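J.: Have a look at the structure that comes next, please.
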Amino acid sequence: MSRLAKNPIIINDGVKVSMNDNILNVEGKLGKSATTIPKQIKLNIENNSIILNSDDKALLGTLYANIKNEIHGNSVGFEKKLELVGTGYKANLNGKVLVLSLGFSHDINFKIPENISIKVEKSTNLSISGPSKQLVGQVAAEIKSYRKPEPYKGKGVRYEGEKIYRKEGKKK
16 MSRLAKNPII INDGVKVSMN DNILNVEGKL GKSATTIPKQ IKLNIENNSI
66 ILNSDDKALL GTLYANIKNE IHGNSVGFEK KLELVGTGYK ANLNGKVLVL
116 SLGFSHDINF KIPENISIKV EKSTNLSISG PSKQLVGQVA AEIKSYRKPE
166 PYKGKGVRYE GEKIYRKEGK KK
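The sequence shown lines up with residues 16 to 187 when you count with the working numbering.
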């Protein structure tokens with residue numbers, strides 16, 4: 016069991032948490048979300064905190080992390096930044112479509128999911144933000160998968176601050 020799950024989850028200001036049947040509803044300024052609570056877990060909401068109890072320790076730790084991420088996401092949000100490194104690599108926003116030029120013979124049109132916002136800072140830096148940690152990470156990984164950083168010149172899409180292991184090229 017996660018030792019963290021023994022502690023109560025503190026509910027941030029501006030976030031409303033309610034329990035209907037086995038569904039935990041979290042509503043904040045950035046949106047709302049719902050989590051299904053398994054029957055073997057007992058959940059108590061009292062004094063701006065959530066207390067979890069169960070015999071299934073593995074499930075308890077996972078659920079603790081998911082609820083904590085929902086509360087943080089609906090109040091503050093999550094953000095990932097990507098860098099496009101390479102000659103001619105750039106990104107543009109066309110409404111709810113991100114257009115990526117990554118050195119292919121064609122541009123890549125990426126449809127932005129609901130609840131996710133993408134900002135293009137310069138033309139080589141992207142900022143992906145939203146209330147769901149899982150969805151923000153998934154969108155960032157999908158964009159990165161179009162052109163992963165290669166080890167010889169370091170060209171490709173990478174997370175901000177990510178170190179790329181560089182290899183030495185052939186020698187004559």
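Using N, Cα and C, we set each Cβ at its ideal position, and we do this for glycine too. Computed from a predicted model, the values in this text were never measured in an experiment.
How many angstroms separate the CA atom of Val151 from the CA atom of Met34?
T.: So the two alpha carbons sit approximately 26 Å from each other.
J.: By DSSP, does Val91 sit in helix, in strand, or in coil?
T.: Residue state, collapsed to three classes: coil.
J.: Contact between the region 137-146 and the region 60-79 is defined here as three or more beta-carbon pairs at a separation below 8 Å; is this criterion met?
T.: In short, these stretches do not touch, since the Cβ pair count stays below three.
J.: Apply the 10 Å Cβ neighbour rule to Asn89 and answer buried if 16 or more other Cβ atoms are within range, or exposed otherwise.
T.: It is buried - the Cβ of Asn89 has at least 16 other Cβ atoms within 10 Å.
J.: Determine which residues share a DSSP beta bridge with Val41 and list them.
T.: Partner(s): Val32, Ser48.
J.: What residues are listed by DSSP as bridge partners for Ser64?
T.: Ile25, Glu61.
J.: Kindly indicate which residue of Glu136, Glu183, Lys182 has the alpha-carbon position closest to the one of Glu175.
T.: Of Glu136, Glu183, Lys182, the residue nearest in Cα terms is Glu136.
J.: Below 7 Å CB to CB, which residues in the same chain sit around Pro53 once its five sequence neighbours on both sides are set aside?
T.: So the list reads Leu74, once near-sequence residues are dropped.
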